[in-house]
Structure formats: structure tokens, C-alpha cells
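Chains as they are written, first to last, in our numbering: chain A, 1 to 365; chain B, 1001 to 1365; chain C, 2001 to 2365; chain D, 3001 to 3365.
Even for Gly, the Cβ is constructed at its ideal location relative to N, Cα and C.
Given the structure is predicted, the values throughout are model-derived calculations rather than measurements.
4 protein chains.
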Amino acid sequence: MTGTQTRTAADTFDSAEHQAKLHELYRDFEAAGMTPLWLTREGLMPFHPQPRAVPHLWRWADLLPLAARSAELVPVGRGGERRAISLGNPGLPGDPYTTPTLWAAIQYLAPREDAPEHRHTQSAFRFVLEGEGVWTVVDGDPVAMRPGDLLLTPGWAFHGHQNVSDTPMAWLDGLDIPLVAETDQGFFEFGPDQVRNRSTPERSQAERLWGQPGLTPVALAGPRPASPLVAYRWAHTDAALTAQFELEAEGAPGVLGPGHAAIRYTNPTSGGDALTTMRTEFHRLRAGAASRPYRTSASSVWQVFNGDGTVQLGAGRNQLSRGDVIAVPAWTELAFTAATQLDLFTFSDAPVFEKLNLLRTELTT
Amino acid sequence: MTGTQTRTAADTFDSAEHQAKLHELYRDFEAAGMTPLWLTREGLMPFHPQPRAVPHLWRWADLLPLAARSAELVPVGRGGERRAISLGNPGLPGDPYTTPTLWAAIQYLAPREDAPEHRHTQSAFRFVLEGEGVWTVVDGDPVAMRPGDLLLTPGWAFHGHQNVSDTPMAWLDGLDIPLVAETDQGFFEFGPDQVRNRSTPERSQAERLWGQPGLTPVALAGPRPASPLVAYRWAHTDAALTAQFELEAEGAPGVLGPGHAAIRYTNPTSGGDALTTMRTEFHRLRAGAASRPYRTSASSVWQVFNGDGTVQLGAGRNQLSRGDVIAVPAWTELAFTAATQLDLFTFSDAPVFEKLNLLRTELTT
Amino acid sequence: MTGTQTRTAADTFDSAEHQAKLHELYRDFEAAGMTPLWLTREGLMPFHPQPRAVPHLWRWADLLPLAARSAELVPVGRGGERRAISLGNPGLPGDPYTTPTLWAAIQYLAPREDAPEHRHTQSAFRFVLEGEGVWTVVDGDPVAMRPGDLLLTPGWAFHGHQNVSDTPMAWLDGLDIPLVAETDQGFFEFGPDQVRNRSTPERSQAERLWGQPGLTPVALAGPRPASPLVAYRWAHTDAALTAQFELEAEGAPGVLGPGHAAIRYTNPTSGGDALTTMRTEFHRLRAGAASRPYRTSASSVWQVFNGDGTVQLGAGRNQLSRGDVIAVPAWTELAFTAATQLDLFTFSDAPVFEKLNLLRTELTT
Amino acid sequence: MTGTQTRTAADTFDSAEHQAKLHELYRDFEAAGMTPLWLTREGLMPFHPQPRAVPHLWRWADLLPLAARSAELVPVGRGGERRAISLGNPGLPGDPYTTPTLWAAIQYLAPREDAPEHRHTQSAFRFVLEGEGVWTVVDGDPVAMRPGDLLLTPGWAFHGHQNVSDTPMAWLDGLDIPLVAETDQGFFEFGPDQVRNRSTPERSQAERLWGQPGLTPVALAGPRPASPLVAYRWAHTDAALTAQFELEAEGAPGVLGPGHAAIRYTNPTSGGDALTTMRTEFHRLRAGAASRPYRTSASSVWQVFNGDGTVQLGAGRNQLSRGDVIAVPAWTELAFTAATQLDLFTFSDAPVFEKLNLLRTELTT
């Protein structure tokens, strides 16, 4: 039946009697818990992603004081588990979700505080903008947290945090909470109320075992779903980005685009993403450079680690400063321009859709 | 800070002034689009999956007449695209979703009707309970639909349907619409208003190319994300299940459990699931047999193809008859008992969570 | 040091004293078990493969009577294990190898004879040109052998053969004996002197479990290194090739080239080759058609199952008749021309070099 | 036909007439290029690997002076290509092979010498015992060679060497020449007579791009057959081994056995072996420690990087000193005992047989 025939049929059907019968049918559908596709298809199956989530920017200047105030009023402890305040997308009211799959939060630990141990199927990481003095203990291995570091908590690894210093510390938490919650894949278990290993080594066991480039302990060889290298240190990230720019100047490959260096945090046992469900990367733009505008069906979150610039986020454009956090829904055009050298941490749900053969990405200029 | 200390701290904090400050903080959080984890963790991160979706059963005796009534009142055509009525889970009000990831519907095509061609990133299949006379045309290849057959529409394959007979035909549609919609991975494109190939061959090109067991055309060798064998015929399914029971009687392996035969529809280019995001299987219980109770973090939908029996679905138990459809949320105990030989078709989201290292399954007795 | 400098240096070095010292050095190298690369590089590291193996053709008219004579003179039994006579490449004297990696033999079983059970790490198959009455018992599963069938014995599967008929039977055996022998990967174990299961079913358990296209027993799901579908029947092979020609006539894809149909025997649990180390395929050329000349770094063996034609094999050209066997060394140009419809079975070592990233193939016209 | 029947049949057959016929048959077999399995099976298909290659040890004290003498007598240049002298296994006379698949050689470059560029499908590496001053240029990227470093030349990468110093330098070369030669997979191409990039940077481009642990350039992401990290530096290897011993002392996992640290050089894009066909590892035993005796179907070569000890190699036992090289055929029992701290580099063909599902390894005590 062609589109023309459809319209003809619709005319024919357009009688009061027909309308009454249709009304009755729809009422019966509802009673039976049935929904016609022809009334919902456009919303369910759009021509391209039409996220309810919206592009959004949070200012570090707003986030940090709010987190600090909570430390005066709310303890960290068993039950609440973490003094983490999530950044809820304004397009997803009611849900404390940053995008439909990702959960970003600022976590804050007061001087000498412990966050108790637990584990969950959700994958997690911490990215440190500033401060130090906290060790996160991952399956019994204490991991120092310092500015620019990425620290992993793969799914089902026990973890707690302790602040051994006399200053508070805040950082960005990233988890796949919305994905796991909405698909009912969450399991959770309490561990000890205090972290099981209170030592504060410079380097974690994970780094000592896995931290030499390309070297794998023979005793531990074999693929794992998430990276056993729990800490990715700023010195390494910075060196890798610096090298890409130097190589660009020498005419050698390495950068993602002109003036645009980028590394991905990967799992040395597989070469894939460091975490199973989230891609984590760090991007650097030279002062004056711009990234190529693109859009992807993955959603992402970005945080400015350092520098100033602007972001084009769909139709909008925003000034960026240190610590600002951006939510980028699926299929939203994205480009950055650097006023000074601009350093950006980002995470996304791309690995999920790569594995499901759903991911699409295209340059928009 | 231990649980005990937490309670002490809470006492200390328990003053009118503290409450006022807390109230103010929460108001400021809300204004900033921030949500404290300590107020939401239990809902977001349960000890085990706590689906909003509920176990539910739809009677074929209800579904078919309602679908038939819609054929008299609503045309199939461009825009609405399909006369498909989805089975909405009562626990997911507002969303026409059968589970949080799966969409099951009854589709109905009147005599001589066409459903226009389109394509979408959503994966789809049809499972035929009864009737014939419809050819689904997948990327130009007309595929006959007959009782017991499973017909695939992998993501982004053009497809339309035509009924060349003088009788209506209804079948079960399965798609990953909720997963794709909630994660913003949907792309959609219209094709011709009428199916591009109106021939009605007994066997599709796909079956002629890929339908001999273990034989691959050399010209087409190599892995594909979804099965190129678009049609899985009832005669093969029935023969495979029959053979499992015969082997069981001979003391040879093959059955899933005593009196319980089961086959999975697979992709001959990879050995994996026929579709990227959905597992499709057919189970058969001997009269008097029972399946082992289990629960899994995958959600699923089951349809009785033939026979009578009962289903234990969480705490509930239901009689089953031919054509009945069941929604099984994550982590819901499930077991079947067969009064007569009981034939069951099922699909689930298990491949998604297998790929993400999230799937959990356990026997419950 | 450039080529020019090298020659200059050689001149300088070209004195009697130098020659004497060099002679002494080479003698000392030899005593130390050392060999200079500069004297051996051209042979060790040629510009392209320079096989010692040569193209060769064996006539079925010669092979079969010789095998039959051996049945009158040599028993089959424990120790010798098989009445199999291998086709030794004339370019590989001393080694009973058909190519450097492949071993092809004619195996012959007299009426009512048993070949005792054993197992080995070598992968094996039987391809049947003519005759019937033998069951090969693979890990206790009796598998009928009939013309056009391919029967697998994956590495380390116990297997024996029994002829239950009053006529002798001969077939082509293919193994990776040279590869395994030259790399010291062989393990071998005796089983029972007589096959453990003397039943003679029409269909093996393997076929009953795995023989429906695209259907996998749920209880046995998961990848395996070799195909669990032990028998690939002629009726299926013939139907698949016939369908490719019909599709070619309809303008649909499927054939490997004009008038050239080809199927690969594959492992349904992975989509890869049926055996770990050997690729097995069946090719059919229409009367009058020719395959495209090509060469590949894989070596292969071909047997004419039916029909007449010619083969271009490097610089040579041969008439082909039913049963003739051809050895094709690496990088030897190969093309077939069909006088009548020409049916060809073939096996090669291509999977080995695909896995090692070494395989190269190119069309030569 | 059972074993008993076989013997009976043999008696029956044991007549002069029978012997004459058999003699005639075997003559006809030979004329036809056919070899009976029953006469060759024991050699072709042994109960376990029976290598022709033998365990062997070469003294560095012998190798180095011989290599030095060759530098006075033989130029390096186009044609001969390399001043590399291979260590030929005494059990493999005629072939300059260290094991049936592996080729180990000492390569020697005089002051200011160049080895011209070429490329080949063979995979190669250099391991440096002592000396410096040479840069190997891999696909245009100059890579410094220093003691303890492993430098890769993946298959088909152009490479040449230049000595920019006034001292000679020698190192261990490892290649899969025998495997590639015996299976006819060799392709070879000349490059420039002098290395194309004469710069002598401290760090290669490869290290600058890939040398930060777990960090991948986004622009270069994706799996590759061999490691893009062309240089594995001694400082990293030493640190990784030191860490394993420290962790052992702390009771944490990491070592391969008591007092036995070991790392594998891996490909960061896949987590697999650094080279496609060869496994490369470095082992360290504490003074007084011993490795667990084992045997494997892989063959291997070991070089003492530092320290003293003994090796048990099959039935034999040898003293080990710095630089000594050992050939270990398949299925030969192997164990080391350390007098001082004992540092060992090793390479093997294990990845080949892992990929082919043939590798077997077992502890022998």
C-alpha cells in the first residue's frame, strides 16, 4: 500500500463511526498493555538520534564550593558511601544522569576522612583536577591520587578512599551508572568500613607490575576485560602529548589533527579501552588551534584540565575555564578552540556501541 | 569513618541549624543540576537488579483479535510504517517497552497488503506462530514466512513485507528498540513504498547461499556482525530438537537438561548470536519435564509455540497456552513445566551484557 | 657501506693472504657450528618463495591399482595403523610429503577390515571419491563415508575405521603431518584395536547435533578450535554449488568468478576453517569456464572429483581426469579450464599463514 | 582386524612368494612417488616430539672473537647484507638453523659501518648484550641500541643499521628464518644502500608515540599484527623484574615462581606477543633460586645477559656464563639454577603453536 493509497484509505476511514471504533480500539489496546507502533514510531525510531539529554556546561567555580559546603554538613559513611554529587543533565529531569549512559560527579573527601569499601558491577574512574593526599584502595592496593592522574576502578573491584592529609580533596568521578541502572545489570556489595590497606606508597602494586611500557608479567599474562594498570599518571600523559606535538613539528605522524594531540587510556592486556564500558581519553590543543567539528552517536563528558578556550556544542558556543565540565549528548556537533594551550580530559560510552556495531561518527565540516 | 562513627556524626549534626543549612545546600544543589549520591545510591546501585519492569503474561487469545480489529480501522503505510502493536510492560508506564531493552509486538498484515520498505539501526526479527502468505523482503531478497520460522532483519538492512494471499497473517516482532532509543543510537531511513522485489520464491537467496550446514561461499567468506542466513526454518529447528531428545535417549550429550532440548540461532560467519544485540533460541520440554529454575541479569521474552504447561515467573505461576507471550525482567526466577510437549521461542538481551562483561546467570535450586 | 664500496672492499680484500685467513675463519666457523648469513642469504631469504617442492600430478588410474595391490600383501593393524600410501613430492626426496606442510595419501580398506583406533595432534580429514561401506569412528561417533563427503578428524580426536561391506573402499586422506613433524609438535596415542562403536547409523551424532544450518545446541555453545560438525555431505556441497550457479544466472552474488562456484568447509562455532591448520574447499567450474590464474604463498593439493579439463600449474599444463591429484607448491601460478563441468576438492595450509600474518595471494592476469 | 589378527596375517603372509610381491609393490610405489605410512609412521608421528635438533650451548667467549675476525675479512654490503653468523644446531646438519623454526646469530658491525636497508616477511629482533653506538633504522625511524635493549623489526618493515661510533658492536639477532624458509613464506626486497635517516636520537619516534604505559595515540588506535613499540629498554625491563621481587617480598603476586621474576615483551595494540611468530621474554632468578623444570612443545633459544649458574637441558647440565647461548629443542626438560643473580633473555616459537592449538607445556617435577 503506497503513501498515496494510505492517504486515500485515511479519507475513506474518516467518518464518525470509524473514529468511534478507533477510539474503542485504542482504549482496548491500553487495557491490554498494548501500544501501536504507528502512533509512536517517530519518537521511538527517529531519523537520527534525538536525545532528550541536552548539551550542558557546569562551572568548576560553582561545583567546588557546593561540594565543600556538603563536607561541613554531611558525613561520608556506610550507607551513603560517598560524598559524590552528580551532574544531572537538565534534559533528563528526575534522573541524576549526565547523559543517558554516563554519570559524572564531583567527589569530595575532607581531611582525614575515609570512604568505606564496596564493590559494584558499575565501572568507575577518578580524574584528578587538583589536590592530593588521598589514596584510593583498589582490591587492597593503595593508589595515590594526584593532579592529572586517571585512576580506575574496574567493575566488581573492591575500593575505598582515604584522605591522609590535613586538606580536603575533590575530583571528578565517572561511572556507567545510568547504563547499568536502566538495563538492570547492577550488583553491589559492602566491604570493610575502613580501607583494608592504610599504607600510602608512592606507586601502587598495579603500577609496579604493569607500569613499564609493553612489558607484561609472565605469571599474569592473558587478556582481561579491564585494565590491570589501575593508575595512569599525569607525567606519562603529558609526555605523550608533548611528544605528539614534537613529532608533528618534525613532520611525523601522531597527532589527531593539526595542533591537536590526543591519547587514549588503554588496557595493556588487550589493547582496547581501559574500561569495558567507557572510553577515556586526554586531548590537548595548541594555543590558537581548533579541533575538527564532528558528531558521534556516543555521548560524552569533557572536563577542562587546564587552559582557556571555547567549545561549540551543537548550536551553542561557550567560554571554557579550568575545571569546567561539559555534557555532550549523542549526535551533537562538537568542536573546541584553544585560546591558550587547552588540556581536556574526556570519557564516553563509545566502547558499548562499538561492540554492538551501532557506533557512528562523522566530521561535520 | 566507620558506620558507627557515621551515626555519631549524624547525631552531632542533628540540630535545627544544621537542618536549615542542609536544606539550603540541597536547594542550591538542585539549582545547579546536582544530585547527591548519598540520597540516591540505593536506587541507583542496588545489591542486585531491581527492575521496574514486572513479570507479565499476554494471552494470544487477547492479542490476535485486537490486532485483527486494527486491520479494519488502520491502514499500513508510509509514516506509521507497520501495523505492529507492542506489548508494553506494566512496570514501565509511558514507554511501549516489553523490557528495558526489548520490544515485542504483534504485527498484522491484511490480505494483499504491503508494508513499505525502510531501514534502521535497530535489529529486528519476526517469529511466526501461525499463518502464511507473507514474504518479507530483506535488502531485496524475498523471504517466505511460515509457522515456526525465524526471519532476521539485521540492523540497517532495508526491509518491507507483502501479503500475497487472501488471508491475513500475524506474527511476533522482536526488536531492540528500547535499548537503541534510550541510548540514542537510532538512525532510520525510508525505502520504496512498495517492496522492491515482488517475487515469491520458496527459498530466499540468503538460504540458497548460506543454508547448507557448515558451507560458506568462498566469495563471501569473512565475519559479519549479524547472520547472513536470514531465515531459520521450522523444519530445521524441529529436527534439531528431535535429535537432541533421541541422543538423550541414547545416552549421548546434547540436551540442556533432562527432557529439555534447546537450540540457539547463530551467525554462521562467527558462531555467535544471529543478531548483534539479541539472543534468539528455541526450547522444547518433553511432556512432564521441567526446566531448572534460574535467574539471569539478561531480560527476555518468551512465546509458546505449541503445547501446554506452566511457568514459574518470580513468585508467580501461570498456565501457558499456545501463543502466550511472557516478559521476564532481569534477575527474575524462571522455570517451565510441561503438561504436553511444550515448545517455546525466546529472545533476550544477553549478547549485550556478555560483550560488556556484565552478564550474570545462576541456577536457583 | 654502499654496494659500490662493497665491491671496492672486495677488491682490496682479494689477496692470497686474505683468502687464506678467510679459509681459516670459515673452518673455525664450521667447528663452532656457525654459518655466515652472507653465504646463505639468497637461499634462506629469497625475493619470493622458491619452493623445493615441485608441481606434480598423480593419476587416479595409477594410484588405485597400487593401493589395491597393497591390500593383498599388507595387513592393516596395530603399529602400521593404516593402509595409507602418501603422495611424495618429487622435489622433496626422502620425505613422504606432498608439500612442505601437507600430506596427501590414498587409504584403502579391504572388505570387513578394521583400522585400529588412535589419536594424534595432527589434524586429518578424508575425502571420498568413490565407494562406500566404511564408517570412521571419531571419538566414539560412527560416521558413514560416501562419495563426495568430507569427514573430519580434528587434532587429538580418537578415530578408527571399519569396513562393514564386502567391497574394498579407497579415499583421499589429508593431514598436516609435514608441518607437525618438521616443527616437532607431534603427540600420538593408541586407542582400542577395534573401533569402539560398531554401529553403522545413517547420520552421525555430530550431524544430528550440528547439522541444521545456523542452529547450535545451547548446551554445547561456545567456540572450538575445530569444527564439531564432523561430516560434510555431498548432497549439501552439491546443492550449495548448484545454487551459486543459479544465483549467477539471476544476477545475484555468490560465485567466485564467472562460471566458478566455490564453497569453504567451515567451523560453525567460529565461522573459520573447519580444521585449525588446513583449509578445505570444493570448487566447480561450468563446462567451458576457466578460473582466474593466481598464485598464493599457501601450498595446496587438489583432487578432481568429477569431470574433465586442464590445469595450468606454473609453466606446465596438464589434462585432468576423475580422481587425479595435484600438488601445488607456494607461489605457483594456478588456473583450471573446464571441458565438461569440472568438480574439484582442495585443501591447503592457508589458515596457518593467515594466523601468522604471512599469507600473500595475487591474481596473475 | 585386531592386533592379534595382524600378527596371524603377518605369519600367513610370510612366504617367499609374498616377499617377492611385496618387493615389487614397494618398487612400484617408489616409481609412482608413493610412500606407505606403515613403513614411516613411527618417524612421522611419534608418541611425543622427537626433535632432530639437539640441546646445545655456545660460549660467548667463542662467538665474539670469531665474529670480530670476520669483520677484518668480510665487508658488510649489498648482497650479503649483514655480518651475521648463525648458530647452527648440530642436530640439523646442512641447515644453519638453531631450532627447526628459529635462527639465532651474532651480528657484528665495525666502527662507522652501515648495513644496507632491506625488508622481508621474516620477523626479526636484536637483543643487545654489550656495546653501543649503533642505530637500527626501522621504516625510517632510527632506534638506538644499548645493553639490555630489545629492538624489533616486524615482518616487512624496512631496516638497516649504522654504527656511528669508533668501536665495533655485536648483538644477538633472532629471526623466524627456518619457519619461513621451510614453509615457503619468504619475500624479500632491497632498500637503500645506506640507512635513509642518519640522525641518532636518544629515543625513537616509536618510543615517543608508544612508550608511555597504557597510552595509545588516538590517531593510531587499532590492533596491529606486531608491536609498534619498536624498542624495549633495559631500564624498563630491569625495573619490572626488580618490582616483581619486591612484590614477592611483600607477599603480593607477580613472580613466576619463588625467586623467579619474568616479563614478556608484548604488543600494546593487542596485548599479545611483540612479534607475530616469536615470543620474547626476560627472566631473572635470585642468587640461589631455581626455576621449576618443565618441557614444552615450543622450541626456544636463551642467552645469559648477566650472572652465573647452571642449566639442566634434557639429561645434561651445563655451567652458564655471561653471553652464553642455549638452543632448547621441543619437549626437552629445562631448568635453571642461579649461583649469582641470573638474568636470561629468551625467545621461542610458542605463539605459532598457540595460534594453531598445538602448544603443550608441562611441569616435569
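Beta-bridge analysis with DSSP links M2169 of chain C to C:L2109. Judged by DSSP in its simplified three-state form, E362 of chain A adopts strand.
In this structure, the alpha-carbon of Y3026 of chain D lies about 26 Å from that of H2120 of chain C. Separation of L1073 of chain B and V1164 of chain B (C-alpha to C-alpha, rounded to the nearest whole angstrom) is 20 Å. Only those residues of the segment 329-359 of chain A whose C-beta falls short of 7 Å from the nearest C-beta of chain D would be listed, and there are none.
Identification of chain C residues near T1276 of chain B by a Cβ-Cβ cut-off of 9 Å yields none; the smallest Cβ-Cβ distance measures about 14 Å.
If the five residues before and after W1210 of chain B are omitted, its C-beta is found closer than 7 Å to the C-beta atoms of P1228, L1229, P1268, all from its own chain and listed in chain order. The three-state reading of DSSP puts R69 of chain A in helix, counting H, G and I together.
Non-local beta-carbon contacts of S86 of chain A in its own chain, meaning distances under 6 Å to residues more than five positions away in sequence, involve P96, W103, A105 in chain order. DSSP, reduced to helix, strand and coil, places T242 of chain A within a helical segment of the structure shown. The beta carbon of L2175 of chain C sits closer than 6 Å to those of W2103, Q2122, A2124, all from its chain and outside the five residues before and after it, given in chain order. Ranking D:G3094, D:G3288, D:I3263 by CA distance to the CA of E3281 of chain D puts D:I3263 first.
Near chain C, meaning a CB-to-CB distance below 9 Å, the residues of the segment 3217-3235 of chain D are P3225, A3226.
Contact between the segment 2240-2257 of chain C and the segment 1192-1199 of chain B is not established, with fewer than three Cβ pairs separated by less than 8 Å. For R2322 of chain C, no alpha helix (DSSP H) encloses it, and the DSSP letter there is neither H nor E. Less than 8 Å divides the Cβ of L1215 of chain B from the Cβ of T2237 of chain C. Taking C-alpha positions only, E3207 of chain D is separated from A3231 of chain D by approximately 7 Å. Within the segment 3070-3103 of chain D, the runs of beta strand (DSSP E) that reach at least 3 residues and sit entirely inside it are, in chain order, 3084-3087. For R2041 of chain C, the secondary structure class from DSSP, reduced to helix, strand or coil, is helix. The Cβ atoms of P1258 of chain B and T1365 of chain B lie no closer than 8 Å to each other. Taking C-beta atoms as the reference points, W171 of chain A and Q107 of chain A count as a pair closer than 8 Å. Counting along the chain, no beta strand (DSSP E) covers A3016 of chain D; the unbroken alpha helix (DSSP H) around it starts and ends at 3016-3031. Straight-line spacing of the CA atoms in T167 of chain A and A3289 of chain D works out to 47 Å. Comparing alpha carbon positions, the residue from D:G3323, D:P3116, D:L3285 closest to P3065 of chain D is D:G3323. Contact holds between the segment 3323-3339 of chain D and the segment 3299-3307 of chain D, because three or more Cβ pairs, one in each stretch, are under 8 Å apart. Under the three-state reduction of DSSP output, F1188 of chain B falls in the strand class. Within the segment 3217-3264 of chain D, the runs of alpha helix (DSSP H) that reach at least 4 residues and sit entirely inside it are, in chain order, 3234-3249. In the three-state scheme derived from DSSP, where H, G and I count as helix and E and B as strand, A330 of chain A is classed as coil. Excluding the 5 residues flanking it on each side, T2276 of chain C has same chain C-beta neighbours closer than 8 Å at S2123, P2154, G2155, P2225, A2226, P2351, in chain order.
With a beta-carbon spacing of about 16 Å, E333 of chain A and G309 of chain A fall beyond the 8 Å limit used to define contacts. In the DSSP assignment, R2208 of chain C falls within the unbroken alpha helix (DSSP H) covering 2205-2210. Nearest CB-CB separation between T2040 of chain C and chain D: below the 8 Å threshold. For the C-beta of Y1294 of chain B, not a single chain C residue is nearer than 7 Å; the gap to the nearest is close to 12 Å. The three-state reading of DSSP puts A1115 of chain B in strand, counting E and B together. Beta-bridge pairing by DSSP links F345 of chain A to A:F282, A:Q303. Here E3113 of chain D is buried, its C-beta having at least 16 other C-beta atoms within 10 Å.
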